[in-house]
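Asks: Per the UniProt record's numbering, the very first residue in the sequence shown carries number 1; after that it's consecutive.
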Amino acid sequence: MTSTTEAITGGRLMVELLEEAGVEIVFGYPGGAILPFYDELYHSKKIKHILVRHEQGAIHMAEGYARSTGKLGVCIATSGPGATNLITGLTDAKMDSVPILAITGQVATDAIGTDAFQEADIFGITIPITKYNALIKKADDLARHFEEAIKIAMGGRPGPVLLDFPKDVQLGKTTVRKAQTLKIAPHHYERPKVKGDPQEFAEALNAAKRPLLYVGGGAINSFASAEIKALAEKANAPVTTTLMGLGAFPGTHPLSVGMLGMHGTAYANKAVLECDYILNLGARFDDRVAKYQDFAPNAVRAHIDIDAAEFNKRINVDYILHGDLKDAIREILPFVKGGDRGEWIQNIQTLKQNHPLDYDNSGESIKPQDFLHRVYTKTKGEAIVSTDVGQHQMWAAQYYLFDKPNTWLTSGGLGTMGYGLPAAIGAKFGNPDKTVICVTGDGSFQMCIQELATIAQSKLGVKILLFNNNFLGMVRQWQELFYEERFSESQWTYNPNFVKLAEAYGIPAMRIEKKSEIDKGVEFFLKDSGAALIEVMIPAEEKVFPMIPAGKSQQDLIEFKDLGKLKK
Numbered sequence: 001m002t003s004t005t006e007a008i009t010g011g012r013l014m015v016e017l018l019e020e021a022g023v024e025i026v027f028g029y030p031g032g033a034i035l036p037f038y039d040e041l042y043h044s045k046k047i048k049h050i051l052v053r054h055e056q057g058a059i060h061m062a063e064g065y066a067r068s069t070g071k072l073g074v075c076i077a078t079s080g081p082g083a084t085n086l087i088t089g090l091t092d093a094k095m096d097s098v099p100i101l102a103i104t105g106q107v108a109t110d111a112i113g114t115d116a117f118q119e120a121d122i123f124g125i126t127i128p129i130t131k132y133n134a135l136i137k138k139a140d141d142l143a144r145h146f147e148e149a150i151k152i153a154m155g156g157r158p159g160p161v162l163l164d165f166p167k168d169v170q171l172g173k174t175t176v177r178k179a180q181t182l183k184i185a186p187h188h189y190e191r192p193k194v195k196g197d198p199q200e201f202a203e204a205l206n207a208a209k210r211p212l213l214y215v216g217g218g219a220i221n222s223f224a225s226a227e228i229k230a231l232a233e234k235a236n237a238p239v240t241t242t243l244m245g246l247g248a249f250p251g252t253h254p255l256s257v258g259m260l261g262m263h264g265t266a267y268a269n270k271a272v273l274e275c276d277y278i279l280n281l282g283a284r285f286d287d288r289v290a291k292y293q294d295f296a297p298n299a300v301r302a303h304i305d306i307d308a309a310e311f312n313k314r315i316n317v318d319y320i321l322h323g324d325l326k327d328a329i330r331e332i333l334p335f336v337k338g339g340d341r342g343e344w345i346q347n348i349q350t351l352k353q354n355h356p357l358d359y360d361n362s363g364e365s366i367k368p369q370d371f372l373h374r375v376y377t378k379t380k381g382e383a384i385v386s387t388d389v390g391q392h393q394m395w396a397a398q399y400y401l402f403d404k405p406n407t408w409l410t411s412g413g414l415g416t417m418g419y420g421l422p423a424a425i426g427a428k429f430g431n432p433d434k435t436v437i438c439v440t441g442d443g444s445f446q447m448c449i450q451e452l453a454t455i456a457q458s459k460l461g462v463k464i465l466l467f468n469n470n471f472l473g474m475v476r477q478w479q480e481l482f483y484e485e486r487f488s489e490s491q492w493t494y495n496p497n498f499v500k501l502a503e504a505y506g507i508p509a510m511r512i513e514k515k516s517e518i519d520k521g522v523e524f525f526l527k528d529s530g531a532a533l534i535e536v537m538i539p540a541e542e543k544v545f546p547m548i549p550a551g552k553s554q555q556d557l558i559e560f561k562d563l564g565k566l567k568k
């Protein structure tokens, strides 16, 4: 290890390491076991600290920052309950491959294991939900653990890491500023060389008459959007994306068939059934998209991923390339031929015409699909959009088209209610000049509603679009369709006055209830760069369509026009 003659505290070294790593902003909440580090952070001229109102808000802000910028997100908590409040966010980041560094305070090393005040074994608790974690037992070990953590968080398939930082280690002195050797193998963090036969991959694509590119969140993590567009255009192949892949391929592109899966477009899901070759680009074949053996039943299946564990995990494939997606596509492209696929492209257009996204927009009530389309038009599709989880999440995915990566932030794998508002805050800190919109529901909003104070304190221009149906909307939809309308504990018998609540934090707010109020609502919502909340009352009966019932396949897709089938 490299040493200097000057000894500094572990707390001071952690600050210096963060600065050297280029960290400019951290989200956190102080407490006794992390105070020595906070005291050193106080003196930093390079790192801005955002004081949150709950540790879950801190890690979701770090996620929103990371996903919208492509940089490392950093959050800080104290020991015990502070650290355990990060667990949902760590799991969320692990499932959605978000690079997060969590720094947690811990009781002094001689008190560990004694049930000391605010002690929790966060190291043991988080082993399954982090890519790497470490209990730093002495200040001399800090530099090595920090470098290992950063490399693993950002290397390969990104993900969360955690450093547990005992109070006496924060106060202890060290001269070790940089590790000379690491205890992790290079393959854990180095960009792997592409393994497989790119020419064989390309020839299988060239031979297809009805190819389909299936793009996941890995495309965004690998910054491969330009390469995917080049591949699609050269091969004249339609493109569908997962929920996590939205924005990796332009939603307005003629070759786009939108999102596939449980609430994907009917034409995307039907294209999966009709294609004869499907190329998975950085997706997981997750259960909301692909049912075992029923997925693309007539197609040759190919898969490119940086994580070898994803190959043949749920769906067996015929061709595999292991490596960074950007590199792999670049190696494939020289061998790809255009070919005449006019009949297939025309078939896709016919599917789009015959199976459009649809809903009943008659009457005076506001339909969320209509409102989202108006917001999309007003913002010209250039906003960063975060969502919570539920019906509003799916409507946003369907009716706000994303042409650029890193503009769609949602909890895909874990499905975390409460994610949307803090993620929007993190994204706004990372992109101060962009419009950032949080699309949420009356249930999800109340999970991290206290972060309105973070918006107010920082005078942050986050826009909050709150759909209120006085229900847990997606739960209600399932109960109506599959549980004979037994609405067990899904209705709110009391909701706060959200407008007054927002105004109590100094955030301008408006409530609209009728279709005739939409224009003034959109104008109010987006009139300037400041924060705003618009509460949009929607019918409790409104549902998300298309829909593939749980456990079913694309063949069982039900569209809006087929609603009667579900009620039989």
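Here a beta-carbon is modelled for each residue, glycine too, at the ideal position from N, C-alpha and C. Bear in mind the structure is a predicted one, so any value in this text is a computation, not a measurement.
Give, in chain order, every unbroken run of the beta strand (DSSP E) that is at least 3 residues long and sits entirely within the segment 14-71.
Replies: As far as the segment 14-71 is concerned, its whole beta strand (DSSP E) runs of at least 3 residues are 25-28 and 48-51.
Asks: To the nearest angstrom, how far is it from the Cα of PRO158 to the Cα of ASN280?
Replies: Taking the first residue of the sequence shown as 1, we reach residue 158 at position 158. Taking the first residue of the sequence shown as 1, we reach residue 280 at position 280. Taking the straight line joining both Cα atoms gives about 18 angstroms.
Asks: Just verifying my parser: in three-state terms, what is the DSSP assignment at MET1?
Replies: Here residue 1 corresponds to residue number 1 of the sequence shown, with the count starting at 1. Any reading at MET1 is ruled out, since the residue's pLDDT is 45, under 50, leaving its predicted position unreliable.
Asks: Based on Cα-Cα distance, which residue from SER256, VAL544 and VAL536 lies nearest to ILE512?
Replies: Against the sequence shown, residue 512 aligns to sequence position 512. The shortest C-alpha separation from ILE512 is found at VAL536.
Asks: Any chance the segment 406-419 sits against the segment 384-395, with 3 or more Cβ pairs inside 8 angstroms?
Replies: yes
Asks: Ordered along the chain, which non-local residues of its own chain (more than five positions away) have a Cβ less than 7 angstroms from that of LYS428?
Replies: Translated into positions along the sequence shown, residue 428 becomes position 428. Same-chain partners within the cutoff: VAL436, LEU460, GLY461 and VAL462.
Asks: Could you name the residues that DSSP lists as bridge partners for GLU535?
Replies: Taking the sequence shown and counting its residues from 1, one reaches residue 535 at position 535. Partner(s): LEU466 and ARG511.
Asks: Are the beta-carbon atoms of VAL257 and ALA271 separated by less than 7 angstroms?
Replies: Along the sequence shown, one-based indexing puts residue 257 at 257. Along the sequence shown, one-based indexing puts residue 271 at 271. The answer is yes: Cβ separation under 7 angstroms.
Asks: Are the beta-carbon atoms belonging to ASP324 and ILE304 less than 7 angstroms from one another?
Replies: As a working note, residue 324 is residue 324 in the sequence shown. As a working note, residue 304 is residue 304 in the sequence shown. In this structure, ILE304 does not lie closer than 7 angstroms to ASP324 by Cβ.
Asks: Looking only at DSSP bridge pairs, what is residue 602 linked to?
Replies: Only positions 1 to 568 of the chain appear in this structure, which leaves residue 602 out of reach.
Asks: Exposed or buried, what is HIS355 when buried is set at 16 or more other beta-carbons lying within 10 Å of its beta-carbon?
Replies: For the purposes of this step, residue 355 is taken as the residue at position 355 of the sequence shown. Answer is buried; the Cβ neighbour count reaches 16.
Asks: Determine, using beta-carbon pairs with one atom in the segment 167-175 and one in the segment 126-144, whether at least three such pairs fall under 8 angstroms.
Replies: Yes, since at least three Cβ pairs between the segment 167-175 and the segment 126-144 fall closer than 8 angstroms, the two stretches touch.
Asks: Rounding to the nearest angstrom, what Cα-Cα distance links LEU18 and PHE201 in this structure?
Replies: If you number the sequence shown from 1, residue 18 lands on position 18. If you number the sequence shown from 1, residue 201 lands on position 201. The straight-line gap from Cα to Cα measures roughly 42 angstroms.
Asks: Taking 6 angstroms as the limit between beta carbons, can you name the residues of its chain near SER365, skipping five residues before and five after?
Replies: Position 365 of the sequence shown holds residue 365. Hits under 6 angstroms: PRO539.
Asks: Can the beta-carbon of PHE467 be found less than 7 angstroms from the beta-carbon of SER490?
Replies: Counted from its first residue, the sequence shown places residue 467 at position 467. Counted from its first residue, the sequence shown places residue 490 at position 490. No, they are not a contact pair.
Asks: Where does TRP492 fall in DSSP's three states?
Replies: Along the sequence shown, read from residue 1 onward, the residue named residue 492 stands at position 492. Here TRP492 sits in coil by DSSP.
Asks: For the pair the segment 47-59 and the segment 172-186, tell me if three or more CB-CB distances fall below 8 angstroms.
Replies: Put simply, the segment 47-59 does not touch the segment 172-186. Fewer than three CB pairs are less than 8 angstroms apart.
Asks: In angstroms, rounded to a whole number, what distance separates the CA positions of SER444 and THR5?
Replies: Here residue 444 refers to the residue found at position 444 of the sequence shown. Here residue 5 refers to the residue found at position 5 of the sequence shown. Approximately 53 angstroms between the Cα atoms of the pair.
Asks: Could you tell me whether the Cβ atoms of GLU119 and GLY82 are closer together than 7 angstroms?
Replies: Within the sequence shown, numbered from 1, the residue matching residue 119 stands at position 119. Within the sequence shown, numbered from 1, the residue matching residue 82 stands at position 82. No. Outside cutoff.
Asks: What is the DSSP secondary structure of PRO368, counted as helix, strand or coil?
Replies: In the sequence shown, counting from the first residue as 1, residue 368 sits at position 368. Residue state, collapsed to three classes: helix.
Asks: From the DSSP output, which residues share a beta bridge with HIS322?
Replies: For the purposes of this step, residue 322 is taken as the residue at position 322 of the sequence shown. According to DSSP, HIS322 bridges with LYS195 and ASP305.
Asks: Taking Cβ positions, are GLU55 and GLY11 nearer each other than 7 angstroms?
Replies: Taking the first residue of the sequence shown as 1, we reach residue 55 at position 55. Taking the first residue of the sequence shown as 1, we reach residue 11 at position 11. Against a cut-off of 7 angstroms, the Cβ pair of GLY11 and GLU55 comes out as no contact.
Asks: According to DSSP, is ARG314 part of a helix, a strand, or is it coil?
Replies: Here residue 314 refers to the residue found at position 314 when the sequence shown is read from its first residue. The answer is coil: DSSP assigns ARG314 none of H, G, I, E or B.
Asks: Assign TYR376 to one of three DSSP states: helix, strand, or coil.
Replies: For the purposes of this step, residue 376 is identified with residue 376 of the sequence shown, where counting begins at 1. Looking at TYR376 - three-state DSSP - the assignment turns out to be helix.
Asks: Just to confirm, is the Cβ distance from GLY105 to THR78 under 7 angstroms?
Replies: Position 105 of the sequence shown, counted from the first residue, corresponds to residue 105. Position 78 of the sequence shown, counted from the first residue, corresponds to residue 78. Between GLY105 and THR78, the C-beta spacing is below 7 angstroms.
Asks: In the DSSP assignment, find the beta strand (DSSP E) that holds LEU279 and state where it starts and stops.
Replies: Residue 279 sits at position 279 when you count from the first residue of the sequence shown. Element bounds for LEU279: 277-281.
Asks: Which runs of the alpha helix (DSSP H), 4 residues or longer, sit entirely within the segment 118-204?
Replies: 122-125, 142-154 and 167-171
Asks: What is the rounded straight-line gap between the Cα of GLU148 and the Cα of ILE100?
Replies: As a first step, residue 148 must be located in the sequence shown, where it is residue number 148. As a first step, residue 100 must be located in the sequence shown, where it is residue number 100. Between GLU148 and ILE100, the C-alpha separation is close to 13 angstroms.
Asks: Identify, in the order they occur along the chain, each residue of the same chain with its Cβ nearer than 6 angstroms to the Cβ of PRO166, setting aside the five sequence neighbours on each side.
Replies: The residue you call residue 166 lines up with position 166 of the sequence shown. For PRO166, where only same-chain residues beyond five positions count, the Cβ hits under 6 angstroms are GLN106, ALA108 and THR109.
Asks: State the start and end residues of the unbroken alpha helix (DSSP H) segment that holds MET95.
Replies: Residue 95 sits at position 95 when you count from the first residue of the sequence shown. That run of the alpha helix (DSSP H) goes 87-95.
Asks: Please say whether ASP433 and GLY251 have beta carbons closer to each other than 7 angstroms?
Replies: Looking up residue 251 in the sequence shown gives position 251. Looking up residue 433 in the sequence shown gives position 433. Cβ atoms of GLY251 and ASP433: not closer than 7 angstroms.
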